[in-house]
Amino acid sequence: MLKIPVELTMRKTLLCLPLLLVLIGPIISFAQERQKSLSPHVFKSAKGETLPYRLFVPQNYDRKKKYPLVVYLHGGGGVGDDNLKQIQGGNGYLIDFFTQAESQTHDPAFVVAPQSAGDGWIERALSRPAPTRQLRLVVDLIGDLQRSYSIDGSRLYVAGQSLGGFGTFAIVAEFPKVFAAGVPLCGGADESKVSSIVKTPLWVFHGEKDEAVPVDFSRRIVAAIRKAGGNVKYTEYPGEGHNIWLKVVNEPELLSWLFGQHR
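Structure representation (structure tokens):
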């Protein structure tokens, strides 16, 4: 076996270090800024159940005005109880999309990112996902935020990716009168619940070559919603796998479409 001198390995590492810092620096900076802008809290229900969450409050918040609220449901990588992982890594893309200055200038909105533990947002098989108690607690959390802040009840939105994509479909189906619109990424739904889902405008996203959640999950529920006469948009990215977050946040019409929906 060819042995590389330790000195040579260290020299190459040191030479590459400045480049690594240049590449990683902005990522770390964005993550740190995200942690600062989304304050940590814990919701406690009347039954004593708890749900950690991060909350973004619009800059120059004015209690005399009404603001929309975006609920972000994290993917599998965000599961836990540290009240941090749900806004890190791939979960950060959509959060940054909704909280960035450009978005907030046109559509100032609250953004809440709750964190689930254990099974996450859904239980049972992916083909017939059912909401967990934690997902139901999200609606209680919304009610609590509405009592504390000036939030427009006709402009409540939900978005999520992967596990959160399934969660988005599930919470819309379970509470069809709550949300003005939903944005599920690489998820799926129980097609037997389509009569509830059909009442809420959705923009569904999936990658054609998704290796984690087969694209057929989105195709089937979209077809069922359309057959039932529902308002659904569907974007499938040819040749793309599971990590479609960067493409979704670069969709030029997504924000205007979402915030244009009212109950």
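Going by the working numbering, the first residue of the sequence shown is number 7, and it counts up by one from there.
Ideal Cβ placement from N, Cα and C applies to all residues, glycine included.
Alpha-carbon spacing of residue 39 relative to residue 171, whole angstroms:
25 Å
When 158, 215, 127, 147 are compared against residue 195, the one with the closest alpha-carbon:
127
Can you grab the Cα-Cα spacing for the pair residue 135 / residue 205, in whole Å?
19 Å
Taking its Cβ as the centre, do 16 or more other Cβ atoms sit within 10 Å of residue 161, making it buried, or is it exposed?
buried
Whole angstroms is fine: what's the gap from residue 98's alpha carbon to residue 253's?
14 Å
Of the residues 232, 193, 192, 210, which one's Cα is nearest the Cα of residue 200?
232
Between the C-alpha atoms of residue 190 and residue 167, what's the straight-line distance to the nearest angstrom?
6 Å
Supposed contact pair residue 174 and residue 79 - C-beta distance, whole angstroms, cut 8 Å
6 Å
Determine the DSSP secondary structure at residue 247, reduced to helix, strand or coil.
coil
Reduced DSSP secondary structure (H/G/I, E/B, other) of residue 160
strand
Straight-line gap, residue 192 to residue 156 (C-alpha atoms, nearest Å):
32 Å
Out of 169, 177, 117, point me to the one whose CA is closest to residue 158's CA.
117
Top-ranked residue by Cα proximity to residue 63, from 203, 138, 219, 119
119
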